[in-house]
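Residue numbers (our numbering): 80 to 683. Report on the following structure.
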Amino acid sequence: MGSPKSPWEEIELGFNTNDGRGAEQVGFHGQRSQRSPRCRIFTGSLSQARAEPLSRWFDRGGDEAGRAGSIKESDGGSYHDSCDMAQPLETKRAQWNTVDGDTRWCCTYLLNPSDPLFIKIGEAFRQQTEEYGEITNIYNCDTFNENTPPTSEPEYISSLGAAVYKAMSKGNKNAVWLMQGWLFSSDSEFWKPPQMKALLHSVPFGTMIVLDLFADVKPIWNTSAQFYGTPYIWCMLHNFGGNIEMYGNLDSISSGPVDARVSENSTMVGVGMCMEGIEHNPVVYELMSEMAFRDEKVDVQKWLKSYARRRYMKQNDKVDAAWRFFTTLSTAALMELRYDHNTDFIVKLPDWDPSSSLHGTDTYMISTEPYETKRRFLFEDNSSDLPKAHLWYSTKEVIKALRLFLEAGDDLFGSLPYRYDMVDLTRQVLSKLANKVYMEAVTAFANKDIESLRRFSEKFLELIKDIDVLLASDDNFLLGTWLESAKKLARNSWERKQYEWNARTQVTMWYDSKGVNQSKLHDYANKFWSGLLEDYYLPRATLYFDELLKSLEDKKKLEIQKWRREWIMMSHKWQQSSSEVYPVKAEGDALAISRHLLSKYFTC
80 MGSPKSPWEE
90 IELGFNTNDG
100 RGAEQVGFHG
110 QRSQRSPRCR
120 IFTGSLSQAR
130 AEPLSRWFDR
140 GGDEAGRAGS
150 IKESDGGSYH
160 DSCDMAQPLE
170 TKRAQWNTVD
180 GDTRWCCTYL
190 LNPSDPLFIK
200 IGEAFRQQTE
210 EYGEITNIYN
220 CDTFNENTPP
230 TSEPEYISSL
240 GAAVYKAMSK
250 GNKNAVWLMQ
260 GWLFSSDSEF
270 WKPPQMKALL
280 HSVPFGTMIV
290 LDLFADVKPI
300 WNTSAQFYGT
310 PYIWCMLHNF
320 GGNIEMYGNL
330 DSISSGPVDA
340 RVSENSTMVG
350 VGMCMEGIEH
360 NPVVYELMSE
370 MAFRDEKVDV
380 QKWLKSYARR
390 RYMKQNDKVD
400 AAWRFFTTLS
410 TAALMELRYD
420 HNTDFIVKLP
430 DWDPSSSLHG
440 TDTYMISTEP
450 YETKRRFLFE
460 DNSSDLPKAH
470 LWYSTKEVIK
480 ALRLFLEAGD
490 DLFGSLPYRY
500 DMVDLTRQVL
510 SKLANKVYME
520 AVTAFANKDI
530 ESLRRFSEKF
540 LELIKDIDVL
550 LASDDNFLLG
560 TWLESAKKLA
570 RNSWERKQYE
580 WNARTQVTMW
590 YDSKGVNQSK
600 LHDYANKFWS
610 GLLEDYYLPR
620 ATLYFDELLK
630 SLEDKKKLEI
640 QKWRREWIMM
650 SHKWQQSSSE
660 VYPVKAEGDA
670 LAISRHLLSK
680 YFTC
């Protein structure tokens, strides 16, 4: 008897083909190739990553979901082969966020629904899950999640949808297909009404439920005639990559589910949360959780006052006043429907050559408006290569709120939720200040002002250090907690190293960086965590500013390729390291640190 295997592994072992493809060709969300490391995919986008995943890690998910009381669904089989699929089975290979389209890292194959294996494998998976005791009528399948179909012909799309449902329902007449609606948002140029209808109407009515995944920002139900009659769940996505930044459209959350439910010919059947990361912005998740039980819209201002009292277990006039200021930040139109990634320059340092875009003129210079009154972006010109840093609220008002919040500290500091919010708000204010300081530094570089460049770059680095100290004062902002939780899963030293590498990689730079070409997914899951700022973001920024200074001092062109090579090497070295042990307990007086930093960087 060998060790227990996952349903996909059992199916992999049970299938073989007659055309030389072999058993290694047939697994789809987990298969072994004789010529490649173990491959697993989740979105149908990736072929493989650097390290070999551990089977038992993937086996944990279903049981834990059941114990948590959530709706339990089986992976219905988005039949992608991520290794070495033979030509007779492939339709088209998609490239997804790769540096150079290297097929080792991307370009999965989609099993054609006309192939007899399509139904056979789907049925085999359903049977195998039943043997494991995973009985459910709900099957998840996201065939084209960030993968464009090989043809826009409605007939093909309809045939694929019908084949997927046939595989689900062949042995379960009550099967329900649960599908993310993200594809209709992320690839809206492809998914026009004919294509959407072809997929949504490819199954009997009532046997598909769509997750309107981004309804808090970009709802699909109201632009698609209620998903053309298909039942759907109104979902809040809110967060990408587990980034830490204070945002959330409370107005949308407090009214969107109600508007959808009472709309004409509504097919809404529930509400949900589909965040990529959690344990941040608790006010957003508190309100969204309540919307599942409310049948009327919420007065946000009134609700916030009650929320603050409940959260801190005590009423405080200054905190109430601070939360009134926060409303400006929390209910702003969220980056004009842009994705909710944190692009602050500390955690997502721009990879660019300022001299190539600024040209020593004012064309791309930082806005001349006062820092306190600018909105949305510090950097406004779309023709610049520089990524945009979010700034969609009045910094002056938020600094006022922080002052009020800290004045309540002596009364509320015994409350752990108060301490968390205080640290997070102080971090938010300092991070936005760092964006401004960065722009002042690169403007000085463009003007060939060495002393100003040195002064502003040193201030930027000092802000990173100070924010790291601040974050270290609360248990919720520690890199060590993340790394140690990963290492605790290991049963031996090899697994321990493997888990730690994955944990470090996930929050820094993913997979296919080469030489001077960084991964397109660097900093996707950036975090404001103590330890990560000091040991990763700080050295990276130091390398960058050193190159800027050297360029001016030597009167030579900035060696941007040299900087890229050095920081990519630094990133890989940090990911592979396992010698540092980061704290898992907070250190320092969070209130005293916050007050000190406020007085240090902002005058009254």
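No residue lacks a Cβ here, since even glycine has one placed at the ideal position from N, Cα and C.
For this session: Go to Gln259, then tell me how far its alpha helix (DSSP H) extends in each direction, as first and last residue.
Result: Careful: Gln259 lies outside any alpha helix (DSSP H), inside the beta strand (DSSP E) at Val255 to Gln259.
For this session: Could you say which of Leu677, Ile543 and Asp221 lies nearest to Asn514 if we only look at CA atoms?
Result: Ile543
For this session: Assign Gln380 to buried or exposed, taking buried as 16 or more other Cβ atoms, counted over all protein chains shown, within 10 Å of its Cβ.
Result: exposed
Exercise. Out of Pro283, Gly594, His601 and Tyr578, which has the shortest C-alpha to C-alpha gap to Met588?
Worked result: His601
For this session: Could you name the residues of the same chain whose beta carbon sits closer than 6 Å to that of Val516, not counting the 5 residues immediately before and after it, in chain order?
Result: Phe535, Lys538 and Phe539
Problem set entry | the region 316-326 / the region 350-360 touching (three or more Cβ pairs under 8 Å) | yes
For this session: Quickly, what does DSSP pair Val289 with across the bridge? List them, please.
Result: Met258 and Tyr311
Exercise. Which one or two residues does DSSP pair with Val350 in a beta bridge?
Worked result: Trp313
Problem set entry | Beta-carbon spacing of Ala620, Leu470 below 9 Å | no
Exercise. Helix, strand or coil for His651 per DSSP?
Worked result: helix
Exercise. Where DSSP assigns a beta bridge to Ile217, which residues make up the other side?
Worked result: Val255
For this session: Please classify Lys679: is it buried, with 16 or more other beta-carbons within 10 angstroms of its beta-carbon, or exposed?
Result: exposed
For this session: Consult DSSP for His601 and reduce its assignment to one of helix, strand or coil.
Result: coil
For this session: Spatial neighbours of Pro496 within its chain, please: CB distance less than 7 Å, with the 5 preceding and 5 following residues excluded, ordered by chain position.
Result: Arg390 and Tyr391
For this session: Going by CA-CA distance only, name the one from Asn328, Gly250, Leu628 and Met648 that's closest to Phe293.
Result: Asn328
Problem set entry | Residue closest to Gln259, alpha-carbon to alpha-carbon, out of Tyr311, Val348 and Met370 | Tyr311
Exercise. Relative to the C-alpha of Glu304, which residue among Ser342, Phe284 and Glu365 is closest?
Worked result: The sequence as given places Ala at residue 304; Glu does not occur at that position. Taking only the C-alpha atoms, the option nearest Ala304 is Ser342.
Problem set entry | DSSP-derived helix/strand/coil call for His280 | coil
Problem set entry | Status (buried if at least 16 other CB within 10 Å, exposed otherwise) for Gly439 | Confidence at Gly439 is low in this model, with a pLDDT of 39, below 50, so its placement is unreliable and the value that follows should be read with caution. Gly439 is exposed by the Cβ-count criterion.
Problem set entry | Pair within 9 Å by beta-carbon distance, Ile546 and Ile425 | yes
For this session: Determine, using beta carbons only, whether Ser237 and Ala277 come nearer to each other than 9 Å.
Result: yes
For this session: Inspect the beta-carbon positions of Leu279 and Gly250 and report whether they are closer than 9 Å.
Result: no
Exercise. Relative to the C-alpha of Ala569, which residue among Thr422, Leu558 and Ala582 is closest?
Worked result: Ala582
Exercise. Hey, how far is the Cα of Leu689 from the Cα of Lys664?
Worked result: Only positions 80 to 683 of the chain appear in the structure, and residue 689 is not among them; the question remains open.
Exercise. Are there three or more Cβ pairs, one per stretch, closer than 8 Å when the region 562-578 is compared with the region 384-404?
Worked result: no
Problem set entry | Simplified DSSP state of Asn301, which is helix, strand or coil | helix
Exercise. Along the chain, where does the alpha helix (DSSP H) that runs through His618 open and close?
Worked result: Note that residue 618 corresponds to Pro in the displayed sequence, not to His. Start and end: Leu617 to Asp633.
Exercise. Hey, would you say the C-beta of Trp431 is under 8 Å away from at least one heavy atom of the ligand NAD?
Worked result: Absence of the ligand NAD from the depicted structure is noted, as is the absence of any ligand whatsoever, leaving it without description.
Exercise. What did DSSP end up calling His469 once you bin it into helix, strand or coil?
Worked result: strand
Problem set entry | Spatial neighbours of Leu481 in its chain, beta-carbon cut-off 7 Å, leaving aside the 5 residues before and after | Leu504, Thr505, Val508 and Leu677
For this session: With a threshold of 16 other CB atoms inside 10 Å of the CB of Pro272, please say whether the residue is buried or exposed.
Result: exposed
Exercise. For Glu613, does the count of other Cβ atoms within 10 angstroms reach 16, so buried, or fall short, so exposed?
Worked result: buried
For this session: Report back the beta-carbon spacing between Ser673 and Val502 to the nearest angstrom; my notes put them in contact at under 8 Å.
Result: 7 Å
For this session: Determine the direct distance from the alpha carbon of Pro195 to that of Val595, and round the result to whole angstroms.
Result: 45 Å
Problem set entry | Residues that Ser609 bridges to, as DSSP identifies them | Leu557
Exercise. In terms of residue numbering, what span does the alpha helix (DSSP H) encompassing Pro429 cover?
Worked result: Careful: Pro429 lies outside any alpha helix (DSSP H) and carries neither H nor E.
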